[in-house]
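Below: the structure, in structure tokens.
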Amino acid sequence: MSWYEDIIKDIIEKIYLHRPAQIDQLQNQKHNVICFRRADFTQDGWDLNFSYYKKSLDLLKIIPGDNLLLVGDEISFLDWVSNNFENMGYKVLKKPRIDIDDFILDFFIIGTSNKLILSNSSFHWWAGGTHG
336 MSWYEDIIKD
346 IIEKIYLHRP
356 AQIDQLQNQK
366 HNVICFRRAD
376 FTQDGWDLNF
386 SYYKKSLDLL
396 KIIPGDNLLL
406 VGDEISFLDW
416 VSNNFENMGY
426 KVLKKPRIDI
436 DDFILDFFII
446 GTSNKLILSN
456 SSFHWWAGGT
466 HG
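Just so we're aligned: the sequence shown equals residues 336 to 467 in this note's numbering.
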């Protein structure tokens, strides 16, 4: 048993008290979330190669035609990678427009996914803990 297992459920319940109502609409869509961490990770050489994401799609049996929702910290990269996924035949969904900070929106989006591909980011790891 790890040190946080006793309290993790309580923490997640408290986080979900702040969940925007519009997020519930995402629960009804079958979409897969892919998380990207760039910015300082790119500068330090810690960012994940695009092949990691392609291999993850294959392992999770996410096929062209399936819905993807992309989250990350670098908008220009998300635009670039969105085009790449669309060219591969995936349907890239737009994030809902909600009047909250992007990182909070991303946190809740991650929890609504059908399947989830995480980056090497503790933020994505914690948000992934709310998945399912």
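Beta carbons are placed, not taken as given, at the ideal position from N, Cα and C, and that holds for glycine.
Counting only the same chain and skipping the five closest in sequence on each side, list residues whose C-beta sits under 6 Å from that of Phe385. Once the five neighbours on either side are set aside, Phe385 has no close Cβ partner at all.
Among Ile452, Leu453, Ser456, Thr447, nearest to Arg354 - alpha-carbon criterion: When each option's Cα is compared against that of Arg354, the closest is Thr447.
Among Cys370, Lys344, Phe458, which residue has its Cα nearest to the Cα of Ile410? Ranking Cys370, Lys344, Phe458 by Cα distance to Ile410 puts Cys370 first.
What do you reckon, are the CB atoms on Phe412 and Arg373 nearer than 7 Å? Yes; because the gap between Cβ atoms is below 7 Å, this pair is in contact.
As assigned by DSSP and simplified to three states, the class of Ile369: Three-state result, Ile369: strand.
Going by DSSP in three states, Lys429 sits in which element: helix, strand or coil? Note: Lys429 maps to coil in three-state DSSP.
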